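Inspection log for the structure reproduced underneath, given as structure tokens.
Quick look at the structure:
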């Protein structure tokens with residue numbers, strides 16, 4: 041068989057991928073919550089009856105609190121003074137740690153503000169400012185009169201701003217109106233914006249600063265006068281401590297925007313500090329923490345004389361503009377009957393729940409639940425030292441409806457209440473509300489509790505809703521109890537807990553093509569096309585998840601022959617190009633069945649199940665190709681007396697023959713043969729001869745072809761056999777007589793033939 045000379049054209053296509061990186065940041069709103077958050081509680085049993093007009097406690101049960109009953113304390117009215125205090129059973133106890141959280145809605149203007157007050161006034165739960173004239177609208181229900189007053193000579197008693205204030209008190213005022221004129225000067229030298237500060241309303245030395253008629257500080261409450269007989273009455277300025285602007289742009293730019301903000305406080309007995317701050321629940325931004333030392337609280341509240349306890353509550357006063365301020369509690373500073381907490385565990389029984397104020401770093405480091413996984417909810421009720429038995433009427437939890445559709449049948453499994461001694465109580469699901477994720481459990485028999493103990497409600501459920509991105513879910517729980525001898529149902533609610541739900545891992549997809557998913561491909565390759573060491577296989581992958589750790593293996597006959605390094609996905613939901621190098625030595629002649637398999641790699645380096653795979657058949661063949669033969673042979677530099685005998689070609693006229701043979705070794709047998717053909721009727725006066733090397737014999741070429749090169753002539757380089765002859769070797773011209781000088785072009789031609797055997801058949 042004669043193989044003709046082949047010409048190879050190589051087209052290289054380059055693809056350019058432009059990647060743009062955008063900056064994404066978190067945008068912080070400066071408004072609070074439009075509705076109270078889940079976890080608000082009822083306060084029926086916290087407070088004594090209010091004093092004055094404009095205080096109201098409203099118990100409600102709307103969707104804003106996941107349909108759990110809660111109370112709102114509202115303070116409103118015009119030209120009024122009011123207060124509401126904890127009852128004797130609910131006083132703060134400074135002999136131990138406590139903390140409180142409440143949400144305050146300051147309305148949209150009109151109100152003068154309110155004060156959160158702790159006190160040990162002799163009037164106890166009836167404590168209220170005694171200064172209630174038209175000039176006393178600035179006192180917020182806790183301070184005294186605007187100035188000092190001289191008593192009637194001989195029978196009267198002098199009075200001062202602190203005289204009619206709530207005594208033995210510490211107030212944290214949320215003042216929405218600045219009083220700075222000559223008759224109402226409590227707020228001289230403080231922020232013109234709404235402010236928060238702590239004060240000592242009933243203290244004779246540290247509560248107020250006397251001022252003269254020009255509102256300058258002086259050292260006495262009665263000053264001037266002719267001969268000391270008639271003295272002027274000094275105005276009072278409240279001494280504000282750690283005064284802070286409530287519209288400072290950190291928590292909010294407008295505290296009176298009609299939304300809910302959080303007030304937090306905590307007493308640490310060991311540190312001997314009472315700390316408080318203000319929080320925007322939407323952005324989680326908070327004010328700087330203010331600290332009041334226990335030594336100051338002890339002195340002002342006379343804690344040593346009152347068994348380390350104090351009343352707590354709110355006071356307020358309004359002028360002619362009657363705005364409304366509302367307060368809802370999520371955690372009181374006292375424990376009524378006990379403490380409730382919520383917890384979430386993933387399928388590996390790892391705790392995943394976090395406090396509501398967890399930092400981003402804590403959230404990132406926490407364990408999590410995966411979409412589609414089962415998880416366990418636990419609600420723990422630690423009973424305090426109760427005076428009378430209580431009965432647990434029912435128990436509720438609320439699961440984030442964005443991750444769990446509780447309307448699905450059997451979504452709640454194995455609900456159980458367990459006592460700390462291991463005793464179990466039967467419990468069933470009484471009611472489910474899908475819109476807010478509330479699940480109400482009913483005990484088969486009411487649970488009567490008479491002593492300190494711990495009871496835990498637990499059940500299993502499942503993330504049965506698809507989520508597009510990782511999601512920070514919440515869980516809440518409440519227990520409903522009735523104290524013996526009453527008919528009031530009290531609600532004890534746990535703090536909201538958060539837990540991370542990570543979207544179900546979207547399996548990495550593989551494809552042979554960019555624009556469509558193709559799983560199988562056949563390739564026909566010549567061995568000569570393969571690199572000496574590696575054969576590069578391009579493919580495409582797609583994974584919309586970000587930061588997944590991916591690895592791809594290539595298997596042949598179930599044996600791994602190549603792998604990519606582990607790489608991280610970028611979250612782009614489109615096919616991206618990648619290559620993997622397979623050792624050329626692993627590819628044999630004939631059919632090579634390869635499988636590309638993609639895995640996810642966990643932090644420990646373990647591989648997941650195969651997420652996707654591609655199949656590739658490479659049919660590897662070899663070829664025999666005549667690559668190069670001389671195109672021009674020339675004898676043009678001769679002179680007449682040198683034209684006889686065996687004549688070399690022009691000195692620079694080297695000749696080369698090249699053959700590519702990528703066939704299997706057992707088939708490597710070929711030869712190049714040369715012969716001459718006359719191309720005109722004219723007989724030329726010379727012959728062509730072949731001389732392979734200096735020591736070889738001269739062979740005459742004619743119409744019958746002769747072998748001039750074969751597979752043994754030279755060692756190949758990457759399947760290419762190339763041999764070159766200088767001008768005095770290879771194809772030469774022989775003349776028996778001196779040649780006439782003339783042009784012999786086109787008179788005769790050399791035919792080069794490649795045969796795939798040593799000898800043609």
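Residue numbers (our numbering): 41 to 801.
No residue lacks a Cβ here, since even glycine has one placed at the ideal position from N, Cα and C.
Remember, it's a predicted structure, so these values are computed and weren't measured experimentally.
- In the three-state reduction of the DSSP assignment, residue 274 falls in the coil class.
- Taken atom to atom, the span from the alpha-carbon of residue 601 to that of residue 654 is near 15 Å.
- For residue 71, the closest of 289, 546, 477, 253 by C-alpha to C-alpha distance is 289.
- Judged by DSSP in its simplified three-state form, residue 71 adopts coil rather than helix or strand.
- Classified as exposed, residue 89 has fewer than 16 neighbouring CB atoms from the shown chains inside 10 Å of its CB.
- By alpha-carbon distance to residue 242, the top candidate from 170, 229, 235, 305 is 170.
- Counted as a single uninterrupted DSSP element, the stretch harbouring residue 625 is not any beta strand (DSSP E), since DSSP gives it neither H nor E.
- The DSSP-derived three-state label of residue 96 is strand.
- Per DSSP, the continuous beta strand (DSSP E) segment holding residue 727 begins and ends at 727-731.
- In this structure, DSSP gives residue 120 an extended state, which the three-state scheme calls strand.
- When DSSP states are grouped into helix, strand and coil, residue 770 belongs to the strand group.
- By the neighbour-count criterion, in which a residue is buried when 16 or more other Cβ atoms sit within 10 angstroms of its Cβ, residue 514 is buried.
- Assignment of residue 76 by DSSP, reduced to helix, strand and coil, places it in the coil class.
- Assignment of beta-bridge partners to residue 155 by DSSP yields 213, 355.
- Residue pairing by DSSP places residue 250 opposite 276 in a beta bridge.
- Excluding five sequence positions before and after residue 695, the CB atoms of its chain that fall closer than 6 Å to its own CB belong to 670, 765, 770, given in chain order.
- Distance check between residue 464 and each of 328, 622, 472, 455 places 455 closest, using alpha-carbon atoms only.
- In this chain, residue 754 is not harboured by any alpha helix (DSSP H), its DSSP state being neither H nor E.
- Of 442, 398, 323, 449, the smallest CA-CA separation from residue 299 is found for 323.
- By the CB criterion at 9 Å, residue 363 and residue 216 fall inside the cutoff.
- With distances taken between CA atoms, residue 611 lies nearest to 547 out of 777, 547, 716.
- Under the three-state reduction of DSSP, residue 128 is assigned to helix.
- Within the model, the alpha-carbon separation for residue 567 versus residue 657 is close to 15 Å.
- Runs of the beta strand (DSSP E) lying entirely within the stretch 505-568, each at least 3 residues long, are 511-523, 529-533, 537-542, 549-551, 560-566 in chain order.
- Taking all protein chains in view, the Cβ of residue 402 is surrounded by fewer than 16 other Cβ atoms within 10 Å, so the residue is classified as exposed.
- C-alpha of residue 365 to C-alpha of residue 144: approximately 7 Å in a straight line.
- With respect to the 9 Å criterion, residue 238 and residue 282 are classified as neighbours on the basis of their beta carbons.
- Residue 207 is classed as buried because its beta carbon has at least 16 other beta carbons within 10 Å across all chains shown.
- DSSP places residue 466 within a strand segment (E or B) once states are collapsed to three.
- Taking 9 Å as the cut-off, the Cβ atoms of residue 554 and residue 592 do not count as close.
- Between residue 373 and residue 307, the gap from beta carbon to beta carbon is short of 9 Å.
- Considering only 618, 700, 784, 393, the residue with the shortest C-alpha distance to residue 674 is 784.
- Bounds of any alpha helix (DSSP H) do not take in residue 186, whose DSSP letter is neither H nor E.
- The secondary-structure analysis by DSSP pairs residue 417 across a beta bridge with 384, 499.
- At the C-beta level, residue 236 and residue 286 come within 9 Å of one another.
- Cβ-Cβ distances below 8 Å link residue 614 to 582 in the same chain, with the five nearest sequence neighbours on each side left out; the list follows chain order.
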